[in-house]
Amino acid sequence: MRALAILGSTGSIGVSTLEVVQAHPSRLSVQALAAGRNRDLLLVQCEAFRPRCVSVGTQEDAEWLRASLSYQPELHWGPEGLLACALHPEADTVVAAIVGSAGLASTEAALRAGRRVCVANKESLVVGGALMHEAALAGGGELLPVDSEHAALHQLLAGRAPATIREVRITASGGPFRDWSLARIQAATIEEALNHPTWKMGPKITIDSATLMNKGLEVIEASVLFGLRPDQVAVTVHPQSQVHAMVGFHDGSYQLQVCANDMKLPIQYCLLFPDQCPGPVASYSWEDARHWTFEAPDLERFPCLGLAFQALREGGTAPALLNAANEVAVAAFLQGRLGFWDIQACNQEVLARIPATPQGSLAQVLDADLTARRHAEGWVQART
Ligand code: MG
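When we follow this note's numbering, the leftmost residue of the sequence shown carries the number -2, and every step to the right adds one.
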């Protein structure tokens, strides 16, 4: 029986995780739930799963929960609450699904405490990948990637000697602007950018999919997770999102991982690894494979992908700087303060202006994150 702490339970990964738990009542239980602002959904989840430990964004919401719940769990709030859930003694498996670099400390702490950590928070790997590996090594924790492409790579690479691998290739749907002209992309609206063709996700990652920044962050994530050089990670646009990743070997052959584009599958893979038993997602239908297409990404129309490769090659804190700039730029775009094309301009500006340093400690990484955020904020303000 795996006992779960779900950090970010009201987001799309958290909700899907709870569906996977419901499909495996004898194998999975919920011990802790942490959420940010969505206290209404958290209340419903608590009544359904009755976790012993619950955390929410603010003290006020924690008190509201205490008064509203039909039972009395341990109640926490804020960043300490997140840590209390991540380190809850009754939980052996942590699903890290907090959006952005806010999820970094709790992911690190859980790895250091020897938990299996299913990381949906790609920022913690992009920003502090070396630190996450270090924490897992020091504490005996186990890191499994929930991201569909990386769960696919994990599956493809399990038991493979690194020396046999020539390259890995992750697929990108191409997002809503895949076949748009440069001029049309440059003038894209919020509604257009939020209209993702194949995945239903939160707003931050949906915008990142429209700029291909999400794929760029995933390139960095793949390099960090599997110890691959920047030139060993490639991207192929595959609009049907059914082949999730491929591994190329030195003999010229490839292996592909294929499944329905439903996040419950990679989530279940991580929770139950190494078992791959029936769950809430139907087996892949080969009828759907008749229309597979593959194409190369266009870095001129999607410069954020090129910036991610640049940051990966620079190494050290460069991915953290890019990630922080992008978080600020996407938030400003969603608030109507920036245009769509300004997102890549902001990212480019921060990467060009702030020198990268070695990753160092968690504090140093968070410091680089803060510096980049301030610079990006200043850049946004100067334009609005
Ligand atoms: Mg992904």
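Heads up, the beta-carbon is just placed ideally off N, CA and C, and yes, glycines get one too.
Practice prompt. Verify the contact flag: Glu120, CB atom, against every heavy atom of the ligand MG, threshold strictly below 7 Å.
Written response: Position 123 of the sequence shown holds residue 120. No.
Worksheet item: Is it true that the CB of Ser121 sits closer than 8 Å to the CB of Cys82?
Response: Counting from one through the sequence shown, the residue named residue 82 turns up at place 85. Counting from one through the sequence shown, the residue named residue 121 turns up at place 124. Not closer than 8 Å, so no.
Worksheet item: Roughly how many angstroms lie between the CA atoms of Ala127 and Ser358, to the nearest whole one?
Response: Translated into positions along the sequence shown, residue 127 becomes position 130. Translated into positions along the sequence shown, residue 358 becomes position 361. Going by the C-alpha atoms only, they are around 10 Å apart.
Worksheet item: Mind checking Leu141: buried by the 16 CB within 10 Å criterion, or exposed?
Response: Counted from its first residue, the sequence shown places residue 141 at position 144. That one is buried.
Worksheet item: At what residues does the alpha helix (DSSP H) containing Gly78 begin and finish?
Response: Walking along the sequence shown from the start, residue 78 turns up at place 81. Looking at the DSSP string, the run of the alpha helix (DSSP H) that includes Gly78 is Gly75 to Ala83.
Worksheet item: Out of curiosity, what's the CA-to-CA distance linking Gly199 and Glu16?
Response: Within the sequence shown, numbered from 1, the residue matching residue 199 stands at position 202. Within the sequence shown, numbered from 1, the residue matching residue 16 stands at position 19. The alpha-carbon atoms of Gly199 and Glu16 are separated by roughly 17 Å.
Discussion item. Out of Gly313, Gly276 and Gly75, which one is the CA nearest neighbour of Ile217?
Written reply: Position 220 of the sequence shown, counted from the first residue, corresponds to residue 217. For Ile217, the nearest C-alpha among the options comes from Gly313.
Worksheet item: Name the DSSP bridge partner or partners of Arg113?
Response: Residue 113 sits at position 116 when you count from the first residue of the sequence shown. Bridge partners of Arg113: Thr90 and Glu139.
Fill in: Between the CA atoms of Gln237 and Gly245 - distance to the nearest angstrom
Walking along the sequence shown from the start, residue 245 turns up at place 248. Walking along the sequence shown from the start, residue 237 turns up at place 240. Cα to Cα, Gly245 sits roughly 21 Å from Gln237.
Worksheet item: Within the chosen definition, does the stretch 349 to 364 reach the stretch 330 to 341 through at least 3 CB pairs nearer than 8 Å?
Response: no
Worksheet item: Is it true that the CB of Gln42 sits closer than 8 Å to the CB of Leu30?
Response: Stepping through the sequence shown from its first residue, residue 30 is reached at position 33. Stepping through the sequence shown from its first residue, residue 42 is reached at position 45. Cβ distance < 8 Å, so Leu30 and Gln42 count as in contact.
Fill in: C-beta atoms of Ala88 and Leu4 nearer than 8 Å
On the sequence shown, position 91 is the one that residue 88 refers to. On the sequence shown, position 7 is the one that residue 4 refers to. No, the pair does not count as a contact, with Cβ atoms beyond the cut-off.
Fill in: Euclidean distance between Cα positions of Gly171 and Pro194
Along the sequence shown, read from residue 1 onward, the residue named residue 171 stands at position 174. Along the sequence shown, read from residue 1 onward, the residue named residue 194 stands at position 197. So the two alpha carbons sit approximately 9 Å from each other.
Worksheet item: With a CB to CB cut of under 8 Å and the five nearest residues on each side skipped, what residues in its chain are close to Gly111?
Response: As a position in the sequence shown, residue 111 is number 114, starting the count at 1. Gly136, Gly137 and Gly138, listed in sequence order.
Discussion item. Can you tell me where the alpha helix (DSSP H) holding Gln378 begins and where it ends?
Written reply: In the sequence shown, residue 378 corresponds to position 381, counting from 1. Unbroken alpha helix (DSSP H) run through Gln378: Leu359 to Arg380.
Practice prompt. On a CA-only basis, which of Ala155, Leu80, Pro76 and Ala64 is nearest Tyr266? Give me that one, please.
Written response: By 1-based counting over the sequence shown, the position of residue 266 is 269. Tyr266 has its Cα closest to that of Ala155, out of Ala155, Leu80, Pro76 and Ala64.
Discussion item. Please report the straight-line C-alpha distance between Ala99 and Asp248, rounded to a whole angstrom.
Written reply: As a first step, residue 99 is located in the sequence shown; it is residue number 102 there, counting from the start. As a first step, residue 248 is located in the sequence shown; it is residue number 251 there, counting from the start. Between Ala99 and Asp248, the C-alpha separation is close to 42 Å.
Item to complete: Answer yes or no: do Leu39 and Ser6 have a C-beta to C-beta separation smaller than 8 Å?
Response: Taking the sequence shown and counting its residues from 1, the one referred to as residue 39 is at position 42. Taking the sequence shown and counting its residues from 1, the one referred to as residue 6 is at position 9. For Leu39 and Ser6, yes; Cβs fall inside 8 Å.
Fill in: Any residue whose CB is nearer than 6 Å to a heavy atom belonging to the ligand MG, listed in chain order
Asp144, Ser145, Glu146 and Glu215
Worksheet item: Quick one: any contact between the stretch 279 to 286 and the stretch 295 to 314, if contact means 3 or more CB pairs under 8 Å?
Response: no
Worksheet item: Considering Gly11, what are the terminal residues of the alpha helix (DSSP H) in which it resides?
Response: As a working note, residue 11 is residue 14 in the sequence shown. From DSSP, the alpha helix (DSSP H) with Gly11 extends over Ser9 to Ala20.
Fill in: Where Trp376 falls, given that 16 or more other Cβ within 10 Å makes a residue buried
Looking up residue 376 in the sequence shown gives position 379. Result: buried.
Worksheet item: For the candidate residues Val124, Glu146 and Lys261, whose alpha-carbon lies nearest to that of Leu253?
Response: Locating residue 253 in the sequence shown gives position 256, counting from the first residue. Nearest C-alpha to Leu253: Glu146.
Discussion item. Which complete alpha helix (DSSP H) runs does the stretch 178 to 235 hold, if anything under 4 residues is left out?
Written reply: 179 to 183, 187 to 190, 200 to 208 and 210 to 223
Item to complete: Tell whether a beta-carbon distance below 8 Å holds between Pro48 and Gln28.
Response: Within the sequence shown, numbered from 1, the residue matching residue 48 stands at position 51. Within the sequence shown, numbered from 1, the residue matching residue 28 stands at position 31. Yes.
Discussion item. Which of the three DSSP states is assigned to Ser98 in this structure?
Written reply: Position 101 of the sequence shown holds residue 98. Looking at Ser98 - three-state DSSP - the assignment turns out to be helix.
Discussion item. So for Phe46, helix, strand or coil by DSSP?
Written reply: Translated into positions along the sequence shown, residue 46 becomes position 49. Note: Phe46 maps to helix in three-state DSSP.
Worksheet item: Would you say Ile10 and Met210 are within 8 Å of each other, going by their C-beta atoms?
Response: Counted from its first residue, the sequence shown places residue 10 at position 13. Counted from its first residue, the sequence shown places residue 210 at position 213. No; because the gap between Cβ atoms is not below 8 Å, this pair is not in contact.
Worksheet item: When DSSP builds the beta bridges, which residues end up paired with Phe246?
Response: Numbered from 1 along the sequence shown, position 249 holds the residue referred to as residue 246. DSSP lists Ile162 as partners of Phe246.
Discussion item. According to DSSP, Ile3 sits in a beta bridge with which residue or residues?
Written reply: As a working mapping, residue 3 is identified with position 6 in the sequence shown. Looking at the DSSP assignment, Ile3 forms a beta bridge with Leu30 and Val92.
Discussion item. Given 7 Å as the limit, tell me if Phe299 has its C-beta closer than that to any heavy atom belonging to the ligand SAM.
Written reply: The model depicted lacks the ligand SAM and carries the ligand MG instead.
Worksheet entry | Own chain partners of Gly276 with C-beta closer than 6 Å, once the 5 adjacent residues on each side are dropped | Residue 276 sits at position 279 when you count from the first residue of the sequence shown. These residues qualify, in order along the chain: Ala20 and Gln265.
Discussion item. At the level of alpha carbons, what is the spacing between Ala318 and Ser23?
Written reply: Walking along the sequence shown from the start, residue 318 turns up at place 321. Walking along the sequence shown from the start, residue 23 turns up at place 26. Before going on, a small fix: residue 318 reads as Leu here, not Ala. The alpha-carbon atoms of Leu318 and Ser23 are separated by roughly 43 Å.
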